[in-house]
Amino acid sequence: MPLEGDHILKFLGNTVNERYNDELLDLIIERIDKLCFQECQVDRIACTLTPMCSRRFLLKLRIINGLGTDDLPKFCYSVHKGVVEREFRGKTVIYKPYDSYLYLIDFLDIYFHGDYRKLNKFISFKNWEEAFEILEKRVSKGEEFNYLKTDNYIIFKFEERTHIIFIDENYVICNANREDIPSLELIKGICELNSKINFPEIDIKLIHSQFVELKMKLPNDVISKVKNEDDFENDSKTTRDEYFWEKFPEEIATLTDYCKEIHMEMNRNKDLVIKLYVGTEINYKDKVGHQDPLRYRDLKSILEFVNKIYNQFYVIWV
Numbered sequence: 014m015p016l017e018g019d020h021i022l023k024f025l026g027n028t029v030n031e032r033y034n035d036e037l038l039d040l041i042i043e044r045i046d047k048l049c050f051q052e053c054q055v056d057r058i059a060c061t062l063t064p065m066c067s068r069r070f071l072l073k074l075r076i077i078n079g080l081g082t083d084d085l086p087k088f089c090y091s092v093h094k095g096v097v098e099r100e101f102r103g104k105t106v107i108y109k110p111y112d113s114y115l116y117l118i119d120f121l122d123i124y125f126h127g128d129y130r131k132l133n134k135f136i137s138f139k140n141w142e143e144a145f146e147i148l149e150k151r152v153s154k155g156e157e158f159n160y161l162k163t164d165n166y167i168i169f170k171f172e173e174r175t176h177i178i179f180i181d182e183n184y185v186i187c188n189a190n191r192e193d194i195p196s197l198e199l200i201k202g203i204c205e206l207n208s209k210i211n212f213p214e215i216d217i218k219l220i221h222s223q224f225v226e227l228k229m230k231l232p233n234d235v236i237s238k239v240k241n242e243d244d245f246e247n248d249s250k251t252t253r254d255e256y257f258w259e260k261f262p263e264e265i266a267t268l269t270d271y272c273k274e275i276h277m278e279m280n281r282n283k284d285l286v287i288k289l290y291v292g293t294e295i296n297y298k299d300k301v302g303h304q305d306p307l308r309y310r311d312l313k314s315i316l317e318f319v320n321k322i323y324n325q326f327y328v329i330w331v
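One rule links them: number in this note's numbering = place in the sequence shown (from 1) + 13.
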């Protein structure tokens with residue numbers, strides 16, 4: 014049986030072998046460097062169309078660990094940046110650049126070309142007033158994007174695409190989709206940005222540094238128009254919250270996997286109050302009890318449900 018990846022992982026995880034780990038890792042790094050800087054870039058057509066690492070994930074490995082441009086295969090990175098730019102411009106691409114990592118200045122060069130050097134300087138030095146002045150000026154001229162800054166991130170929405178600047182790390186994830194969301198701060202920020210765009214009456218807050226709570230209130234008179242009040246009174250087993258489980262079975266089944274908790278309750282005015290609690294891990298557990306991290310596309314599914322409720326039922330301020 015040939016040597017497999019699991020064998021190497023087990024070897025590295027065994028404390029008895031720690032004295033050999035550096036040597037083994039040096040061999041792996043040497044192989045990766047040879048692949049990136051020599052073998053893959055020798056044939057530029059092949060590097061462009063069929064890179065030797067899937068979706069150029071070895072670029073991500075270097076960028077998120079703080080390596081600079083001198084430590085990247087330059088042609089490969091230029092192709093990578095070009096794919097992101099072509100997709101943004103609506104041109105044909107050989108693959109959809111989901112979860113693509115770029116250096117901050119290259120992201121700004123694509124999306125804010127005329128001001129990218131100034132924006133890079135202002136963001137790098139955290140001169141927020143000057144940075145936001147440039148962004149607001151572009152919005153006032155008709156550019157269609159929205160943004161929101163938190164302590165550690167700047168979140169951008171270009172139509173349905175989400176891009177996130179990691180401020181201190183000086184890099185960006187473009188077209189965030191399958192990657193894990195690293196913090197509650199970022200979850201809350203993405204929810205707040207989508208709320209500002211699509212459903213401003215939703216209340217969003219952080220609960221005990223454990224969850225992000227999304228709270229919406231559906232007024233009694235609107236629900237009564239959708240489902241006749243007599244239906245609730247005549248059927249003792251049917252309540253407004255049960256009605257929602259019946260009306261949105263697939264969506265709520267999905268939410269039960271992604272949300273830590275879902276609460277539906279009546280207030281004194283018989284308004285239906287819906288609360289969704291979202292954490293950095295999904296609620297679904299596999300056979301061994303493992304919970305996967307919440308991904309960007311999981312959060313997108315949650316927000317699509319909120320948007321659907323908001324547009325189908327008149328949500329009031331909570």
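Here a beta-carbon is modelled for each residue, glycine too, at the ideal position from N, C-alpha and C.
Assign residue i to one of three DSSP states: helix, strand, or coil.
i: Cys187; result: strand
i: Phe179; result: strand
i: Ser113; result: strand
i: Leu289; result: strand
i: His303; result: coil
i: Leu5; result: Examination of residue 5 is not possible in this model, given that the chain is present from 14 through 331 alone.
i: Ile147; result: helix
i: Tyr108; result: coil
i: Arg102; result: coil
i: Leu48; result: helix
i: Asn30; result: helix
i: Asp83; result: helix
i: Ile236; result: helix
i: Tyr323; result: helix
i: Asp193; result: strand
i: Lys162; result: strand
Less than 8 Å separating the beta-carbons of residue i and residue j?
i: Val92; j: Leu115; result: no
i: Asn34; j: Phe212; result: no
i: Cys204; j: Leu316; result: yes
i: Asp122; j: Leu307; result: no
i: Cys340; j: Leu22; result: The structure shown does not extend to residue 340, since the chain is modelled only from 14 to 331, so the question has no answer here.
i: Glu100; j: Lys94; result: no
i: Phe179; j: Tyr166; result: yes
i: Leu285; j: Phe318; result: no
i: Ile118; j: Lys131; result: no
i: Arg174; j: Asp112; result: no
i: Leu206; j: Ile168; result: yes
i: Arg69; j: Cys89; result: yes
i: Gly127; j: Thr163; result: no
To which residues of the same chain is residue i closer than 6 Å at the C-beta, ignoring the five residues directly before and after it?
i: Asp305; result: Ile295
i: Phe326; result: Leu231, Val235
i: Val106; result: Val96, Arg99, Glu100
Along the beta strand (DSSP E) that carries residue i, what are the first and last residues, could you check?
i: Glu226; result: 224-231
i: His276; result: 274-279
i: Asn207; result: Premise fails: Asn207 lies in the alpha helix (DSSP H), 197-211, not in any beta strand (DSSP E).
i: Ile217; result: 216-220
With a threshold of 8 Å on Cβ separation, who are the neighbours of residue i within its own chain once the five nearest residues in sequence on each side are excluded?
i: Asn247; result: Any reading at Asn247 must be qualified, since the residue scores a pLDDT of 48, below 50, and its modelled position is unreliable; the value itself is stated next. Closer than 8 Å at Cβ, skipping near neighbours: no residue.
In the DSSP assignment, the alpha helix (DSSP H) including residue i goes from what residue to what residue?
i: Tyr166; result: From DSSP, Tyr166 is part of no alpha helix (DSSP H) but of the beta strand (DSSP E) over 166-171.
i: Glu294; result: First-last for Glu294: 294-298, but that is the beta strand (DSSP E), not the alpha helix (DSSP H).
i: Ile265; result: 262-271
i: Asn133; result: 129-137
Looking only at its chain, what residues have a beta carbon closer than 7 Å to the beta carbon of residue i, apart from the 5 residues adjacent to it on each side?
i: Asn282; result: Asn233
Does any CB atom of chain D fall closer than 8 Å to the CB of residue i?
i: Ile200; result: Of the protein chains in the structure, only one exists, and it is not chain D.
Could you give the uninterrupted runs of the alpha helix (DSSP H) lying entirely in the region 55-81, keeping only those of 4 residues or more?
57-62, 70-76
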